[in-house]
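Residue numbers (this note's numbering): 445 to 754.
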């Protein structure tokens, strides 16, 4: 199989992507006057930017179909299939893409402009703040630590960590919230704690609608372990999420065997229903990390448990 313009052999996944953005989405647009775009390159921009967490050309050389990492191309394709099926809000995805490119919300900008995020949140000496370039090296070290990453498929190379840091910070621009850097006096980088809008279809109730769900999560360096910092910082992030951002409920998920993260979820008052356990779509069947547990928390439950702190 060969695709035009490059003459390079194409995988089935690459061919599926090209058919999706070159033919299927533009054809479907004729019957969808509410969609903000009509052209193949516009669909590609929206899906690729959302899969990359920012302008895709900043981390991938064109053509995207040939050079995009397989997992990100799969995520972009799944997102496009969700748009076709009416499960994803194309206007919301377009607003995020245009915002990252400095073009505002554009036509059909989705559900309104994201609330402006403060530079930091504080709870005594604990600080949750926006990302800085000085965080790149300690974040790469965190992602290269096998103990920190033992519940992830693999450690990350420096280039992958750099892309992830930029993508995490851009969440604030797109959504008004994101994963904050955790800082304590004398410890300028202890990892991150905060929320992410889920833009990949997930196999649980509500997860089938990309962009609708919000996940709370954390990844701390070993220096931050055993001090209650993840729970304390997550409470601070949740108070901001349920208050300033007006989010009604959040979820969290992790590998079945990740006892430390599950303890944090329990301390936050999150609820787990074993019937909602699922296999993560990014992991192959049989991978020991594949099975995941899902926890949920509503704004009302959080306020009832935390009183004035919420």
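Quick reminder that beta carbons are idealized off the backbone N, C-alpha and C, glycines included.
DSSP-derived helix/strand/coil call for residue i
i	result
residue 503	coil
residue 485	helix
residue 643	coil
residue 733	coil
residue 746	helix
residue 739	strand
residue 592	coil
residue 566	strand
residue 671	coil
residue 610	helix
residue 465	helix
residue 573	strand
residue 615	helix
residue 531	coil
residue 578	helix
residue 516	helix
residue 524	helix
residue 477	coil
residue 457	helix
residue 686	helix
residue 656	coil
residue 676	helix
Residues that residue i bridges to, as DSSP identifies them
i	result
residue 628	631
residue 637	624, 662
residue 540	Residue 540 pairs with nothing; no bridge assigned.
Spatial distance of residue i from residue j (CA atoms)
i	j	result
residue 637	residue 474	42 Å
residue 569	residue 678	15 Å
residue 691	residue 567	21 Å
residue 494	residue 520	7 Å
residue 463	residue 649	29 Å
residue 593	residue 478	43 Å
residue 734	residue 589	21 Å
residue 703	residue 630	28 Å
residue 680	residue 507	42 Å
residue 743	residue 603	37 Å
residue 496	residue 716	30 Å
Is the region 487–506 close to the region 465–472, with three or more CB pairs under 8 Å?
-> The region 487–506 is in contact with the region 465–472.
Jot down the residue ranges of each uninterrupted beta strand (DSSP E) in the region 688–729, minimum 3 residues, whole runs only, in chain order.
-> 693–699
Would you be able to state if there are at least three C-beta pairs under 8 Å between the region 530–547 and the region 624–633?
-> no
Between the region 572–579 and the region 587–599, are three or more C-beta pairs nearer than 8 Å?
-> no
Should the region 521–532 be called in touch with the region 638–647, which here means at least 3 C-beta pairs below 8 Å?
-> yes
Could you tell me whether the region 697–713 touches the region 731–747, using the rule of 3 or more Cβ pairs below 8 Å?
-> Verdict: yes, contact present.
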